[in-house]
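Comments concern the structure below.
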Amino acid sequence: MPTRVHKENASASPLVSLILLDWSVRERFHAFDWLARQDVPREQFETIWIELYDRVVPVAMDKADVVITCDQKGLYEKHAAYNVGLLHAKGQLVTVCDSDAVFPPDFISSILRSFGLAQSSEARPLVLMHHEKRTPHTYPDGLSDLADLARHPWEPIRPNLGACMTVRRADAIRFGGFDEHPSFRGYLCGPYDLGWRLVNAGIPEVWHDETVTLWHFNHPDPVSSFSQPFSMERWSQVSYPHVDHWALMAVEAFSTGRQLPLKESPQVFKLRMSLRQIGTEFEKKYAWLTGPSGFSKWQKFKLHLRLKLEPLILIRYFLVMHFLIVLKRVIGEKRYGRLRAWWHSG
Amino acid sequence: MQVNVLKRNERTTTPKVSLILLDWSCRESLHALDWLAKQDVPRDQYEVMWVELYDRVPQEVMDKADVVITCGQEGMYHKHEGYNAGLLHSRGQIITVCDSDAVFPPDFVASILRSFKLDGSGEPVPLVLMHYEQRSQSEYPNGMSDIRELRNFAWFPLWPNVGACMSIRRSDAIRFGGFDEHESYRGYLCGPYDLGWRLVNAGIPEVWHDESVTLWHFAHPNPVGAFCQPFKRKMWREVTYPHIKHHALMAVEAFSTGRMHPLQENPEIHKLRMSLRRIGTKFEEEYAWMTGVRGFTPWQRFKLHLMLPFEPLKPLYWRARSFTTMQLLKILKVVVGPEIYDKIKAWWHSVRDKKAAPNTES
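Protein chains in written order, with my numbering: chain A, 755 to 1100; chain B, 57 to 418.
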C-alpha cells in the first residue's frame, strides 16, 4: 500500500495520538472543531487524518497534525490504515475513533486519567473502550455548545465495539497491530479486533465513563447503521461472513484466545521484532533465522533428513578426530601445528 | 497423561517462588534437594515441586520436596507436559524451571527475588530470567556439602545454555499458554527456552542472571545429556524431531517468526488463561466463549458463508415467517377452541420463560 504523508507533526512528543479515518466519504469535518476545544494543552495530543483512497480535503490539511493518504484500490481496508496511523503515531497512547463524532472537552484528559498519565510518566496497560451515543438526526449547522446535544433524541447506549478505543501504542505494536487479513476488508471491522486480542493477552478491558461518551449524528446517506432498512450499498461493503455484524475472524480470535493477527503488517512485524529485548548475542542468532512465515518446506525437509543421518555425521566427526590424532603422531607436533594454522587461516 | 499429586505443599504461607524439578525415572542422585534446603531465605518463601514424568518416586523425594507429582507418561517422555503440571500446581508468583540434579548456591532463591524486585512487598516485575549453569566432566562427589568444594573440579567455559534453567512470573507463563505440548518437543531436545523465547516475543525483557549465582552441574555416570560426548544410540533415540544446533526446531521457529502461542496448548492452561481475561461488558462475553480452542468448525463457517449472499433476503424472510406463524396460530385457535389455545399458549410461555431465566449458578 503506497502511503503518502502530506503533513507531518512538528510537535515533539504528544501523549495521545488520535487516528481518524476517511475513505472519501466524510461529508462533515466537525470532529476537528470539537477536538480543538479540549481542556488539555494542545501539544498533549495529535490528530492523524488518514484517507484510505487519495482525497485530500483542505480542512484536514488545515486542522489535522498529520495527513496521510493510502491510495487503496477497490473496497477499502480500514485496518491497514489504522496500522499506518499506529506506525506514524508519536503518542504513548493511540486512540482510534469515529472521524465524524462530537468529542466532549474532557475527552483527552479523561483518557490520560484512565491510563494513569495524569500522575505518572508511564501509561498503565489498558484497553479503554469509549461509548458513542447515536441519533437519527443529522448534524445541525452551527452546533458549538455541548449543551445543545440535549435537543436531539439519542438511542440507548450500547457497547459499540467498532466505534472508539484507546490502547498503549507499545501494546498495539507488541501484539502485531491491527489484523490486515482480507476478511476485515470493507465495513465490518474495527478497533475491537486488536482490543480483544489484547484482552486475550491479559490486558484488562474497561469501558470508559459514560459521561465522556462521544456523540454521533446520522449521515445524510447512511451506510453505517444496521438499524436502517436493508441497503444494497451497505451490503456490498460486507466482504466476509460475520457473527451478529462482528467480523468473524475477530470473534474467532476472541473465542480461541488468539493474540496475534492472522495477517500482520510487515512494518509492524519488523518493528515489534526489533523491539524485543534478547539477553545474549548467542540467542540473537536464533531470533532472526526466518521471516514471518517460518522455515520453508525445503528447509524442514533437509532438517528431517539430517536427523536420520545424524549417526553418520557423528561417526564421521569421530573418524575425523581419530584421523587427526594419527596424523599428528605421524608428521610430528610441529608440522601438525603448522598444518592446522594454515587450515585455520584459509 | 494421568497426573497424580502424591504430596501437596501444606505450608499456610504462600511461597514467592515455585521451583519445578523434573525427573523421568533417571535421576541417580537427588542432591539438588539438599542444596535447595540450604537457601538463605526463609523456607516458606519458596516451594520445591518434584514432577516425575513416569511413576517412580524415591522416598527421599517424598521426604524433601514440598509437592510431588507423577505424570504417568508412557513411551518417550515429554518434559513440557511435566513443566505444565508443575505450573498448574504451583503457588508462587515466580516459577523456576531448572535441572533437578544441579548444585544451587545458597543465595539462588534470594537472587531471583531480587531480580524480580520481590525482596520487599509488591508485585514482581515482568522478566525472563535465564540462569547460567556451569558444567563439569566429573561426577558428583559423595558427601559434598560445602559450596567452596566446587573449586576442586574443572568446569567448562560458561555459555548461555537456554535449556537449563529459567525463572518467569507464573502469570506470564499462563498468559502465553504455558509450555508447548507439541509432539516435536517429546524427548531430549526441549526446555524452558520454548516459553522464554515466546515471552521475549511478547515484549518481556530477557536477562541472564548474574554469573556469581550460577548453578553447577556434574556429569551423569551414564550421560545422555552432553552432546560433546561421542555418539550414543540411546541419546540419539531421545531426539524425536529435527533441531537447529540442538535447539528444538519449533522453538527456534517461534522465536524467529515472533510467535507467542504454543503450537499445542495444554487444555487446562487454555481454560485458565481464558478465564483470567478481564472483559469489559457482559455483552462481549457472549463472543469470548463461542468456540473451543480450535475456532469455528468448517460446518459453522460454511453456514455463515452461505448466509452472507442471502442477507438481502433476510427482511423478506422474517416478514414471511412472522406472517405464516400468525396465520397458523389463528387456524389453531379456531380448530382447538380459545380455551385449549390459551392453555397451550400459557404452557409455551412458561417453557420459554424458563429457558430465558438467568443462570444463577456461580
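Idealized CB from N, CA, C, for every residue including glycine.
#1: In the segment 933 to 962 of chain A, which residue ranges form an unbroken beta strand (DSSP E) of at least 3 residues, counting only runs that do not cross its ends?
#2: Quick check: what's the CA-CA separation for Met346/B versus His326/B?
#3: Going along chain A in order, which residues have a C-beta closer than 8 Å to the C-beta of Thr353/B?
#4: To be precise: take each residue of the segment 1009 to 1023 of chain A, compare its Cβ to all Cβ atoms of chain B, and keep it if any distance is under 9 Å. Which residues remain?
#5: Can you find a CB in chain A that lies within less than 9 Å of the CB of Gly381/B?
#6: Since Arg1060/A meets chain B, which of its residues come closer than 8 Å, beta carbon to beta carbon?
#7: Counting only the same chain and skipping the five closest in sequence on each side, list residues whose C-beta sits under 7 Å from that of Asn322/B.
#8: Helix, strand or coil: which one does DSSP assign to Ile230/B?
#9: Comparing the C-beta of Pro323/B with each C-beta of chain A, is any distance below 9 Å?
#10: How big is the Cα-Cα spacing for Arg867/A and Pro910/A?
#11: What alpha helix (DSSP H) runs, 4 residues minimum, are completely inside the segment 352 to 395 of chain B?
#12: In whole angstroms, what separates the C-alpha of Thr1034/A from that of Ala1041/A?
#13: Does the Cβ of Met986/A have 16 or more other Cβ atoms within 10 Å, making it buried, or fewer, making it exposed?
#14: Which of the three DSSP states is assigned to Tyr1040/A in this structure?
#15: Have a look at Gln149/B, Gly176/B, Gly131/B and Tyr397/B and flag the residue whose alpha-carbon is nearest the alpha-carbon of Trp80/B.
#16: I think Glu66/B touches Leu89/B, with their Cβ atoms under 8 Å apart; what is that distance to the nearest whole Å?
#17: Evaluate contact between the segment 823 to 843 of chain A and the segment 935 to 946 of chain A, counting only Cβ atoms and requiring at least three cross-stretch pairs below 8 Å.
#18: For the candidate residues Val813/A, Lys1038/A and Met919/A, whose alpha-carbon lies nearest to that of Phe861/A?
#19: Any beta carbon from chain A within less than 9 Å of Arg425/B's own beta carbon?
#20: Determine whether the beta carbon atoms of Asp963/A and Ala917/A lie at a separation below 9 Å.
#21: Compare the C-beta of Glu1006/A with all C-beta atoms of chain B and state if any pair is closer than 9 Å.
#22: How many Å lie between Pro371/B and Trp989/A at the Cα?
#23: In whole angstroms, what is the alpha-carbon distance linking Trp272/B and Gln190/B?
#24: So what's Asn763/A in DSSP terms, helix, strand or just coil?
#25: At which residues does the alpha helix (DSSP H) containing Asp787/A begin and terminate?
#26: Can you pull out the residues from the segment 163 to 189 of chain B whose beta carbon lies closer than 7 Å to at least one beta carbon of chain A?
#27: Starting from Tyr102/B and walking both ways along the beta strand (DSSP E), at which residues does that stretch end?
#28: Could you say which of Val159/B, Gly243/B and Thr69/B lies nearest to Lys94/B if we only look at CA atoms?
#29: Based on DSSP bridge pairs, tell me the residues matched to Arg922/A.
#30: Given 8 Å as the limit, is there contact between the segment 142 to 154 of chain B and the segment 70 to 77 of chain B, that is, 3 or more CB pairs closer than that?
#31: Please name the residue, chosen from Glu341/B, Ser406/B, Gly243/B and Phe274/B, that lies closest to Asn198/B on a Cα-to-Cα basis.
#32: I want to see whether chain B comes within less than 9 Å of Ala955/A, judged by CB atoms only; does it?
#33: Enumerate in chain order the residues of its own chain whose CB-to-CB distance from Gln1013/A is below 7 Å, with the five nearest sequence positions on each side excluded.
#34: Comparing C-alpha positions only, which one of Met306/B, Gly252/B and Leu362/B sits nearest to Leu319/B?
#35: Compute the beta-carbon to beta-carbon distance between Phe421/B and His317/B, rounded to the nearest angstrom, for a pair I have assumed lies under 8 Å.
#36: Report all residues from its chain with a CB closer than 8 Å to the CB of Ser192/B; omit the five preceding and five following residues, and keep chain order.
This is what the structure gives:
#1: 959 to 961
#2: The count along the second sequence starts at 1 and reaches residue 346/B at position 290. The count along the second sequence starts at 1 and reaches residue 326/B at position 270. Near 14 Å, if we compare the C-alpha coordinates of His326/B and Met346/B.
#3: Here residue 353/B refers to the residue found at position 297 of the second sequence. Going along chain A, no residue has its Cβ under 8 Å from Thr353/B, so there is no contact; the nearest lies around 11 Å.
#4: Ser1009, Thr1010, Gly1011, Arg1012, Gln1013, Leu1014, Glu1018 and Phe1023
#5: By one-based count along the second sequence, residue 381/B stands at place 325. The question names Gly, yet the displayed sequence has Thr at residue 381/B. No, no contact with chain A.
#6: Translated into the one-based positions of the first sequence, residue 1060/A becomes position 306. Ordered by position in chain B, the residues that pass the 8 Å Cβ test against Arg1060/A are Pro298.
#7: Your numbering for residue 322/B matches position 266 in the second sequence. Contacts found: Asn140, Gly234 and Glu237.
#8: Here residue 230/B refers to the residue found at position 174 of the second sequence. DSSP places Ile230/B in helix when its eight states are reduced to three.
#9: In the second sequence, the residue the question calls residue 323/B occupies position 267. Cβ-Cβ to chain A under 9 Å: no for Pro323/B.
#10: For this step, residue 867/A is matched to residue 113 along the first sequence. For this step, residue 910/A is matched to residue 156 along the first sequence. When rounded, the distance between both Cα atoms is 26 Å.
#11: Qualifying alpha helix (DSSP H) stretches, in chain order: 354 to 363 and 370 to 392.
#12: For the purposes of this step, residue 1034/A is taken as residue 280 along the first sequence, with counting starting at 1. For the purposes of this step, residue 1041/A is taken as residue 287 along the first sequence, with counting starting at 1. If you take the alpha carbons of Thr1034/A and Ala1041/A, they lie about 11 Å apart.
#13: Start at 1 with the first residue of the first sequence, and residue 986/A comes out as number 232. By the neighbour-count rule (16 or more Cβ atoms within 10 Å), Met986/A is not buried but exposed.
#14: Here residue 1040/A refers to the residue found at position 286 when the first sequence is read from its first residue. Residue state, collapsed to three classes: helix.
#15: Within the second sequence, residue 80/B is the residue found at index 24, counting from 1. Closest option to Trp80/B, Cα to Cα, is Gly131/B.
#16: Working through the second sequence from its first residue, we reach residue 66/B at position 10. Working through the second sequence from its first residue, we reach residue 89/B at position 33. Your pair Glu66/B and Leu89/B does not check out as a contact, with CB atoms roughly 17 Å apart and the cut at 8 Å.
#17: yes
#18: Position 107 of the first sequence holds residue 861/A. Nearest C-alpha to Phe861/A: Met919/A.
#19: Since the first and last residues shown for chain B are 57 and 418, residue 425/B lies out of range.
#20: Taking the first residue of the first sequence as position 1, residue 963/A is located at position 209. Taking the first residue of the first sequence as position 1, residue 917/A is located at position 163. Not in contact: Asp963/A and Ala917/A (Cβ atoms no closer than 9 Å).
#21: Position 252 of the first sequence, counted from the first residue, corresponds to residue 1006/A. Contact of Glu1006/A with chain B is assigned, a C-beta pair being separated by under 9 Å.
#22: Locating residue 371/B in the second sequence gives position 315, where the first residue counts as 1. Locating residue 989/A in the first sequence gives position 235, where the first residue counts as 1. Cα to Cα, the separation comes out at about 13 Å.
#23: As a position in the second sequence, residue 272/B is number 216, starting the count at 1. As a position in the second sequence, residue 190/B is number 134, starting the count at 1. Each residue's alpha carbon lies about 5 Å from the other.
#24: Working through the first sequence from its first residue, we reach residue 763/A at position 9. Coil.
#25: The sequence position of residue 787/A within the first sequence is 33, counting from 1. Where Asp787/A is concerned, the enclosing alpha helix (DSSP H) starts and stops at His784 to Leu789.
#26: Met186
#27: Residue 102/B sits at position 46 when you count from the first residue of the second sequence. Counting along the chain, the beta strand (DSSP E) containing Tyr102/B begins and ends at Tyr102 to Glu108.
#28: Position 38 of the second sequence, counted from the first residue, corresponds to residue 94/B. Checked all of Val159/B, Gly243/B and Thr69/B; the closest Cα to Lys94/B is Val159/B.
#29: Here residue 922/A is taken as the residue at index 168 of the first sequence, counted from 1. The partner list for Arg922/A (beta bridge, DSSP) reads Leu847/A.
#30: yes
#31: Within the second sequence, residue 198/B is the residue found at index 142, counting from 1. Ranking Glu341/B, Ser406/B, Gly243/B and Phe274/B by Cα distance to Asn198/B puts Phe274/B first.
#32: Translated into positions along the first sequence, residue 955/A becomes position 201. By this cut-off, Ala955/A is an interface position.
#33: Taking the first sequence and counting its residues from 1, one reaches residue 1013/A at position 259. Once the five neighbours on either side are set aside, the close Cβ partners of Gln1013/A are Phe929, Arg951, Asn954 and Ala955.
#34: Reading the second sequence from its first residue, position 263 is the one you call residue 319/B. Residue Met306/B is the option with its Cα nearest to Leu319/B.
#35: Chain B is shown from 57 up to 418; residue 421/B falls before or after that span and cannot be answered.
#36: Within the second sequence, the letter at position 136 stands for residue 192/B. Result list for Ser192/B: Phe209, Ala210, Trp211, Phe212, Trp272, His273, Phe274 and Ala275, in chain order.
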